[in-house]
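Chains as they are written, first to last, in the numbering used here: chain A, -8 to 111; chain B, 43 to 151.
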C-alpha cells in the first residue's frame, strides 16, 4: 500500500537556524498538509496545500513558516529561524486521489511517521 | 467549526469488543465523520469514516446515529496492539481537520 514518507526522522538544529522538513506524499494525491505535535500535547493543524498554493493555515503558521512543492513529488515545510518552542513532531499528510469525485470530505488523510525536530 | 466530544480514556480487556463513543451535535449535513488513531511514537493512522450509514472495514466498524449527532467506533476484538489514542474528527474548514484530545484506550491482558 502506498505510504507517505518523511525525512529526516530526527533533526537537531540550533535556535535561529533554518530547517527544511521533507515529505513525499502518496503519488496520485492532490491535497497536502502539515501538522505538528508538541510532546504530550494534541496534534495541531498547521497548513493545507492544494494546486500549488496554501488553502488554509492556522495561527501557528506565521511568517517563519513556508511550504513548497518544488518538483511535483516532494512537499516541504521550511522554518526560517527556529525557536525553542518549535521543538515537536511534524507530520505530513496527503489526501484525495486524482480523479476522485466530490465531496471532498470523503477522502481520509494518510500520514507519515513524522520528523522529530529538536531545537537547542 | 463542528466540535466533537470524546471520553478522555477507556479500558478494555483483551479479546473483548470495545465501543468508543463520540458526540458531534453540531455536525452539518455534508460532513463525514472520520476516526483516526495514534499508536505510541507514530503518526495518526486512518481507521474508518462514514456519512450516514454504518460502515465496516478490516480494522473496525462505525455506527452512526440516525440523527448523526453521535457515532461509535467498534473494535470487535481488542488486542494489545490496539492500545492508542483514538480521535473522532469532523471537517473544521474547507481543507482541514482539527484533532481534539481523543480517547486513550488501554487494553488489559
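For each residue, glycine too, the CB sits at the ideal point set by N, CA and C.
### Task
Could you confirm whether any beta carbon from chain B is found closer than 8 Å to the beta carbon of residue 33 of chain A?
yes
### Query
What residues are listed by DSSP as bridge partners for residue 55 of chain B?
DSSP lists B:150 as the bridge partner or partners of residue 55 of chain B.
### Message
Check whether the stretch 109 to 123 of chain B and the stretch 60 to 80 of chain B touch, using three or more Cβ-Cβ pairs below 8 Å as the test.
### Response
yes
### Query
Quick one, which residues of the stretch 132 to 149 of chain B are near chain A if we go by CB-CB under 9 Å, in chain order?
132, 133, 134, 135, 136, 137, 138, 139, 140, 141, 142, 143, 144
### Query
Who are the Cβ neighbours of residue 46 of chain A in its own chain at under 7 Å, not counting the five residues just before and after it?
The beta carbon of residue 46 of chain A lies closer than 7 Å to those of 39, 40 in the same chain, with the five residues before and after it left out.
### Closest residue to residue 151 of chain B among B:141, B:49, B:94, B:53 (Cα-Cα distance)
B:53
### Message
Assuming the contact rule is C-beta atoms closer than 8 Å, residue 9 of chain A and residue 98 of chain A should be a hit. Round their C-beta distance to whole Å, please.
### Response
The Cβ separation is near 33 Å, so there is no contact.
#### Entry: Exposure label - residue 107 of chain B; buried when at least 16 CB within 10 Å
exposed
### Message
Considering just the uninterrupted stretch of the beta strand (DSSP E) at residue 116 of chain B, what are its terminal residues?
### Response
112 to 117
#### Entry: Where residue 91 of chain B meets chain A, residues with beta-carbon distance less than 7 Å
99
### Message
Is it the case that the stretch 22 to 30 of chain A contacts the stretch 80 to 87 of chain A, given that we only count it when at least three CB pairs across the two stretches are under 8 Å?
### Response
yes
### Query
For the stretch 69 to 88 of chain B, which residues have a CB atom closer than 8 Å to at least one CB atom of chain A, in sequence order?
So the close ones are 72, 73, 74, 76, 78, 80, 84, 85, 86, 87, 88.
### Neighbourhood of residue 105 of chain A by C-beta distance below 7 Å, restricted to the same chain and skipping five residues each side
Excluding the 5 residues flanking it on each side, residue 105 of chain A has same chain C-beta neighbours closer than 7 Å at -3, 80, 81, 82, in chain order.
#### Entry: Proximal chain B residues relative to residue 39 of chain A, where beta-carbon distance stays under 7 Å
Under the 7 Å cutoff, chain B gives 137, 138.
### Task
Pull up the CB-CB distance for residue 61 of chain B and residue 131 of chain B, whole angstroms please, since I reckon it's below 8 Å.
At roughly 18 Å, the Cβ-Cβ gap does not stay under 8 Å, so residue 61 of chain B and residue 131 of chain B are not in contact.
### Query
Taking C-beta to C-beta, are residue 83 of chain B and residue 148 of chain B nearer than 8 Å?
no
### Task
Determine the closest residue to residue 54 of chain A out of A:111, A:44, A:69, A:110, with distance taken between C-alpha atoms.
A:69
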